[in-house]
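One structure is given below, encoded as structure tokens.
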Amino acid sequence: MFGRLSKLFGNKEPVLDPIYLGQLKVDVHSHFINGIDDGAQTIEESLTLLQGMRDLGYRKVVTTPHVMSDYYRNTPEIITTGRDRIAKAAEEAGIEIEIECAAEYYLDA
354 MFGRLSKLFG NKEPVLDPIY LGQLKVDVHS HFINGIDDGA QTIEESLTLL
404 QGMRDLGYRK VVTTPHVMSD YYRNTPEIIT TGRDRIAKAA EEAGIEIEIE
454 CAAEYYLDA
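Per the working numbering, residue 354 is the first one in the sequence shown, and the count goes up by one each step.
Structure representation (structure tokens):
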């Protein structure tokens, strides 16, 4: 029995170097628009995350903030305005990444 457990928990895999994800090119679930959900809270955090995605090889992100009727009351206008704000900041910071937006909808029971 302990042999099986040690196989599950005892063998530590070596930590691998980050892999290049450029072949994927697009990420379709993220929370980069600052201050509208539980993702990035400041524009600086948004830019750090976007630069990190670019460094990993991504060329485009589709940021998907939460929409939840009683908690994250994000509207299309809030989301697109936020996307425009971080896209402008990314361009000014020299971060070459395309930013689109969608939403992650919570279904209230």
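Every residue gets a Cβ at the ideal spot worked out from N, C-alpha and C, and that includes glycine.
Who pairs with M421 in a beta bridge, going by DSSP?
Along the sequence shown, read from residue 1 onward, the residue named residue 421 stands at position 68. The partner list for M421 (beta bridge, DSSP) reads Y425.
I believe G435 touches I389 by the beta-carbon criterion, under 8 Å. Please report the beta-carbon distance rounded to the nearest angstrom.
Within the sequence shown, the letter at position 82 stands for residue 435. Within the sequence shown, the letter at position 36 stands for residue 389. Between I389 and G435 the Cβ distance is about 6 Å, and since that is below 8 Å, they are a contact.
Using only the alpha-carbon positions, how far apart do K413 and D370 sit?
Taking the first residue of the sequence shown as 1, we reach residue 413 at position 60. Taking the first residue of the sequence shown as 1, we reach residue 370 at position 17. Distance between the alpha carbons of K413 and D370 is about 23 Å.
Since Y411 contacts V379 with CB under 8 Å, what's their CB separation in whole angstroms?
In the sequence shown, counting from the first residue as 1, residue 411 sits at position 58. In the sequence shown, counting from the first residue as 1, residue 379 sits at position 26. About 7 Å separates the two Cβ atoms, so the contact holds.
Using CA coordinates, which residue listed in Q404, Y458 and L402 is at the minimum distance from I432?
As a first step, residue 432 is located in the sequence shown; it is residue number 79 there, counting from the start. Measuring from the Cα of I432, the nearest candidate turns out to be Y458.
Measure the beta-carbon distance from A443 to V415 and round it to whole angstroms, keeping in mind my assumption that it falls under 8 Å.
Residue mapping note: residue 443 aligns to position 90 of the sequence shown, counting from 1. Residue mapping note: residue 415 aligns to position 62 of the sequence shown, counting from 1. About 14 Å; that fails the 8 Å criterion.
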